[in-house]
Amino acid sequence: DTRVRQYLALGEARGWQADDAGAVTAFQKALVLARSPGSDRTDLVPSILSGLGVSQTNKGDLTAGEGNIRAALQMDERANPDSVDVARDLEALGLNAYSSNRFDLARDSFSKALEIRRRRQGALHPLAVQDLNELGSVAYAQHDSAAAERLWDQALPLNEHLFGPDHPAVATSLNNAARIKVERRAYGEALPMLRRAVAINEAQRGDSSSELVFEFSNLGIAL
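Under the numbering used here, think of the first position of the sequence shown as 11, with each following residue one higher.
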């Protein structure tokens with residue numbers, strides 16, 4: 011029991027650190043232990059499979075990642091189709107689908123996850139807001155700029171409420187929403203948003219942040 015949880019926690023930590031290879035190794039060890047004869051932690055198998063699938067997706071192994079995510083989703087839906095675990099798996103499936111340019115599947119997955127998050131955890135839950143941002147990215151990838159702008163505009167005040175006005179997540183929302191305004195030539199609307207995004211990231215992340223590349227690019231176009 012303890013070792014399964016330790017490897018699961020290690021896999022999650024490696025994932026947060028963007029060490030996807032290390033995460034895959036940790037999740038695989040947790041999975042072997044959870045499925046070993048006599049194990050009393052088979053209940054953790056869906057969580058392990060979902061985490062493993064995300065790490066594999068991030069490493070570029072999309073087929074293996076999707077297989078593990080779908081296996082987790084099937085188990086969690088069987089247990090409770092309206093659980094936050096199902097939302098987690100749907101978000102993982104959406105990420106995998108987005109990475110493989112299957113945008114219809116990505117949109118469907120993130121939309122279903124968002125519905126569950128809102129019902130179970132509320133519209134202000136950070137993961138619900140993240141789903142909104144992801145849906146905006148999918149819409150933008152599908153060249154539906156109006157939908158992307160609407161979704162990103164919805165996410166912006168929610169991020170401000172959750173994290174405060176000067177958080178990097180707010181800067182990302184500002185930049186995303188402003189990019190659409192730049193594309194439709196609403197430069198007067200975009201300029202204050204982009205200036206604010208740059209100021210947040212310079213203060214919070216420093217002038218070497220990769221986010222500033224995109225923000226300065228958009229700011230330059232608007233100017």
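Even glycine gets a Cβ: it sits at the ideal position worked out from N, Cα and C.
Just so it is clear, the structure is predicted and the values come from calculations on it, not from any experiment.
Is it the case that the Cβ atoms of residue 61 and residue 76 are separated by a distance below 9 Å? Along the sequence shown, read from residue 1 onward, the residue named residue 61 stands at position 51. Along the sequence shown, read from residue 1 onward, the residue named residue 76 stands at position 66. Not in contact: residue 61 and residue 76 (Cβ atoms no closer than 9 Å).
Residue 119: buried (16+ other C-beta within 10 angstroms of its C-beta) or exposed? Position 109 of the sequence shown, counted from the start, is the residue given in the question as residue 119. Burial call: buried.
Applying the criterion that 16 or more other CB atoms from any shown protein chain within 10 Å of the CB defines a buried residue, is residue 245 buried or exposed? With the chain covering 11 to 233 only, the question about residue 245 has no answer from this structure.
Local conformation of residue 152 per DSSP, three classes: Stepping through the sequence shown from its first residue, residue 152 is reached at position 142. The answer is coil: DSSP assigns residue 152 none of H, G, I, E or B.
Would you please verify whether the beta carbon of residue 228 is less than 9 Å from any beta carbon of chain B? Absent from the structure: chain B. Only one protein chain is present.
To the nearest angstrom, how far is the alpha carbon of residue 222 from that of residue 204? Here residue 222 refers to the residue found at position 212 of the sequence shown. Here residue 204 refers to the residue found at position 194 of the sequence shown. Spanning the two alpha carbons is a distance of roughly 10 Å.
Length of the line joining the Cα atoms of residue 215 and residue 193: Taking the first residue of the sequence shown as 1, we reach residue 215 at position 205. Taking the first residue of the sequence shown as 1, we reach residue 193 at position 183. Between residue 215 and residue 193, the C-alpha separation is close to 26 Å.
Does the Cβ of residue 221 lie closer than 8 Å to at least one heavy atom of the ligand ZN? Ligands are entirely absent from the displayed structure, and the ligand ZN is therefore not among its contents.
So the alpha helix (DSSP H) residue 111 belongs to, where does it begin and stop? Reading the sequence shown from its first residue, position 101 is the one you call residue 111. Run containing residue 111: none; DSSP gives neither H nor E here.
Could you work out which residue in 185, 141, 99 and 211 is closest to residue 202 when comparing CA atoms only? As a position in the sequence shown, residue 202 is number 192, starting the count at 1. The shortest Cα separation from residue 202 among 185, 141, 99 and 211 belongs to 185.
What number of angstroms, rounded off, separates the C-alpha of residue 52 from the C-alpha of residue 44? Here residue 52 refers to the residue found at position 42 of the sequence shown. Here residue 44 refers to the residue found at position 34 of the sequence shown. Between the alpha carbons of residue 52 and residue 44 lies a gap of roughly 5 Å.
Is the Cβ-Cβ distance between residue 161 and residue 145 less than 9 Å? Along the sequence shown, read from residue 1 onward, the residue named residue 161 stands at position 151. Along the sequence shown, read from residue 1 onward, the residue named residue 145 stands at position 135. Yes, Cβ-Cβ distance for residue 161 and residue 145 is below 9 Å.
Among the candidates 182, 106, 26 and 113, whose CA atom is the shortest distance from the CA of residue 139? As a position in the sequence shown, residue 139 is number 129, starting the count at 1. Of 182, 106, 26 and 113, the residue nearest in Cα terms is 182.
So, is residue 66 buried or exposed, given that buried needs 16 or more other C-beta atoms within 10 angstroms? Here residue 66 is taken as the residue at index 56 of the sequence shown, counted from 1. Flag for residue 66 reads buried.
Rounded separation between residue 69 and residue 82 - CA only: Counted from its first residue, the sequence shown places residue 69 at position 59. Counted from its first residue, the sequence shown places residue 82 at position 72. In a straight line, the C-alpha of residue 69 is about 19 Å away from that of residue 82.
Check this for me: beta carbons of residue 41 and residue 58, under 9 Å apart or not? Within the sequence shown, numbered from 1, the residue matching residue 41 stands at position 31. Within the sequence shown, numbered from 1, the residue matching residue 58 stands at position 48. A contact, by the Cβ cut-off of 9 Å.
Taking the Cβ atom as the reference point for each residue, do residue 137 and residue 97 lie within a distance shorter than 9 Å? Locating residue 137 in the sequence shown gives position 127, where the first residue counts as 1. Locating residue 97 in the sequence shown gives position 87, where the first residue counts as 1. Yes.
Alpha carbon of residue 17 to alpha carbon of residue 39, nearest angstrom: On the sequence shown, residue 17 is found 7 positions in, with the first residue counted as 1. On the sequence shown, residue 39 is found 29 positions in, with the first residue counted as 1. Their Cα atoms are separated by approximately 7 Å.
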